[in-house]
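This note's numbering numbers the first residue of the sequence shown as 1 and each following residue consecutively. Cβ coordinates follow ideal geometry from the N, Cα and C atoms, glycine included. Model, not experiment: these values are computed from the prediction.
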Amino acid sequence: MVGKAIAEAVIDPKTANNVDLKDIRCVQKLGETIDDKELINGLIMTQTVTKSGNKSTGTDKAKIRLIQFQLSPDMDNTIIFYDYRQMDSILKEERKYLFDICKQYVAAAFF
Numbered sequence: 001m002v003g004k005a006i007a008e009a010v011i012d013p014k015t016a017n018n019v020d021l022k023d024i025r026c027v028q029k030l031g032e033t034i035d036d037k038e039l040i041n042g043l044i045m046t047q048t049v050t051k052s053g054n055k056s057t058g059t060d061k062a063k064i065r066l067i068q069f070q071l072s073p074d075m076d077n078t079i080i081f082y083d084y085r086q087m088d089s090i091l092k093e094e095r096k097y098l099f100d101i102c103k104q105y106v107a108a109a110f111f
């Protein structure tokens, strides 16, 4: 199975001798036997689907982006506030900052 994965996914067709084993990941899952193994070309997501009410759980033409860092504002500063209005203002600014970052990703046309 590993040989098949290397042959299908990793070998660069231009330089057929260049193999990067970092592109292959073997994942162990509980509950299956060795006879039930399979090679999956693509992405495996282990999160479960959240169901609420009578909403459908299917998605057509989904667009998924994977990022390797969390979207969070800078945490280097210490903030001291004296009433809840100041805290609300800080939270609004933080939401606006994160929303602007998300808008930049969408505007970059990666989808």
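Judging by CA-CA distance, which residue of LYS29, ILE90, PHE99 and LYS103 is the nearest neighbour of THR46? LYS29
Next item on the list: Starting from the Cα of LEU21, find the closest Cα among TYR82, GLY3 and ILE79 and give me that residue.
Entry: GLY3
- Item | Backbone CA spacing between GLU93 and ASN41 [nearest angstrom] | Going from the Cα of GLU93 to the Cα of ASN41 covers about 42 Å.
**Item:** Cβ-based neighbour list, ILE79, same chain, cut-off 7 Å, excluding 5 preceding and 5 following
**Value:** ILE90
Comparing alpha-carbon positions, which option in LYS61, LYS96 and LEU39 lies nearest ILE24? LEU39
- Query: TYR82 by DSSP, collapsed to three states: which one?
  - Reply: coil
Point to revise | For VAL106 and ASP60, the rounded distance between their alpha carbons | key: 19 Å
*Simplified DSSP assignment, three categories, for ARG25*: coil
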